[in-house]
Ligand SMILES: *[C@@H]1O[C@H](CO)[C@@H](O)[C@H](O)[C@H]1NC(C)=O
Ligand SMILES: *[C@@H]1O[C@H](CO)[C@@H](O)[C@H](O)[C@H]1NC(C)=O
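In mature numbering (1 follows the signal peptide of the UniProt record, and there is no 0), the protein residues as written are -29 to -1, 1 to 210.
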């Protein structure tokens, strides 16, 4: 093989892998459908994605940028007021005053999380609902593809039963946010949290399928095959 044809071969195989990766990426973009079924308005937050006001019954459909969004978070902000430039404040879940979220919100808020392992051997999506950042709005997170319609719900009345010391207007703090210690934040030399701890039990009893603390049981995470589409419902039916 002379040098020229070797070079051509080298570049064409680079091009081949480049095109292949583009193709894989476009195949694996996930669509998200966020629907507000609450009687009140929420300002949906998605990182990546931004944010959008959703009145009762409204939906926001977007897809992830597969070259960038291997992980993401979705939550609801309540009682927001923004000016024309998209600056303002929300009662909870606030994104540093911005209408379009680029980083995490101000606690407490119920959190839907996902992590896609697109180019790994198993090609799996992992997703969960967490109350490790507290709770504000009941949520459902589910796959909506024909081969994966697994569903997680967190619909218990956590705000209603929230212990006084964790209360926040429109929400309920996780004890880690309030007490900031190893016991509630699962920190320390050998990080662990005690599942029988009363606050964790409180969250687990009302939302059994959600992560109630950082190192909660892995059974709280569901998997779907790469390429699955997802739906998030704020205030879903409780059954
Ligand atoms: C999003 O979900 C809502 C509620 O289930 C549904 O009515 C709507 O058709 C969905 N939108 C899209 C574009 O799939
Ligand atoms: C919306 O909430 C009502 C009850 O408030 C419930 O009957 C309905 O099933 C919910 N819709 C969805 C899409 O969860």
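Beta carbons: idealized from backbone N, C-alpha and C, even for Gly.
| Asked | Found |
| --- | --- |
| Measure the alpha-carbon distance for residue 24 versus residue 136 and round it to whole angstroms. | 30 angstroms |
| Look at the Cβ atom of residue 7, then the Cβ atom of residue 28, and state whether they are nearer than 8 angstroms. | yes |
| Per the contact definition of three or more C-beta pairs closer than 8 angstroms, is the stretch 161 to 172 in contact with the stretch 196 to 206? | no |
| Beta-carbon within less than 8 angstroms of residue 130's beta-carbon, same chain only, minus the 5 sequence neighbours each way: which residues are those? | 106, 107, 141, 142, 143 |
| Since residue 122 and residue 113 are thought to touch, with beta carbons under 8 angstroms apart, how far apart are those beta carbons, to the nearest angstrom? | 4 angstroms |
| Residue 98 lies in the beta strand (DSSP E); which residues open and close that run? | 95 to 101 |
| Three or more C-beta pairs closer than 8 angstroms, one from the stretch 151 to 160 and one from the stretch 60 to 78: is that the case here? | no |
| Please classify residue 123: does DSSP put it in a helix, a strand, or coil? | strand |
| Which first and last residues belong to the alpha helix (DSSP H) in which residue 172 is found? | 169 to 177 |
| Identify which residue in 147, 11, 43 has its Cα closest to the Cα of residue 83. | 43 |
| Nearest CA to the CA of residue 45: which residue from 134, 100, 96, 187? | 100 |
| Exposed or buried, which one is residue 96 when buried takes at least 16 other CB atoms within 10 Å? | buried |
| What number of angstroms, rounded off, separates the C-alpha of residue 195 from the C-alpha of residue 119? | 6 angstroms |
| Rounded to whole angstroms, what's the CA-CA distance from residue 48 to residue 117? Just pull it up for me. | 30 angstroms |
| Tell me whether residue 6 counts as near ligand 1, meaning its Cβ is closer than 7 angstroms to at least one heavy atom of that ligand. | yes |
| To the nearest angstrom, report how far apart residue 2 and residue 104 are at their CA atoms. | 25 angstroms |
| So for residue 82, helix, strand or coil by DSSP? | strand |
| Just mark residue 209 as buried or exposed, buried being the case when its beta carbon has 16 or more other beta carbons within 10 Å. | exposed |
| For residue 13, which residues from the same chain have a beta carbon less than 7 angstroms from its beta carbon, with the 5 sequence-adjacent residues on both sides left out? | 7, 25, 47, 48, 49, 108, 205 |
| If we ignore side chains and look at the alpha-carbon of each, how far apart do residue -9 and residue -1 end up? | Confidence in residue -9 is poor, its pLDDT being 46 and thus under 50, which makes the residue's placement unreliable; the coordinate value appears in the next sentence. One C-alpha to the other measures close to 12 angstroms. |
| Which two residues bound the contiguous alpha helix (DSSP H) that contains residue 156? | 153 to 156 |
| For residue 193, which three-state DSSP category applies? | strand |
| Given this structure, state the Cα-to-Cα distance separating residue 236 from residue 79, to the nearest angstrom. | Within the shown structure, residues of the chain are numbered from -29 to 210, placing residue 236 beyond reach of any answer. |
| Check whether the Cβ of residue 168 sits closer than 7 angstroms to any heavy atom of ligand 1, and report yes or no. | no |
| Are there 16 or more other CB atoms within 10 angstroms of the CB of residue 64, so buried, or fewer, so exposed? | buried |
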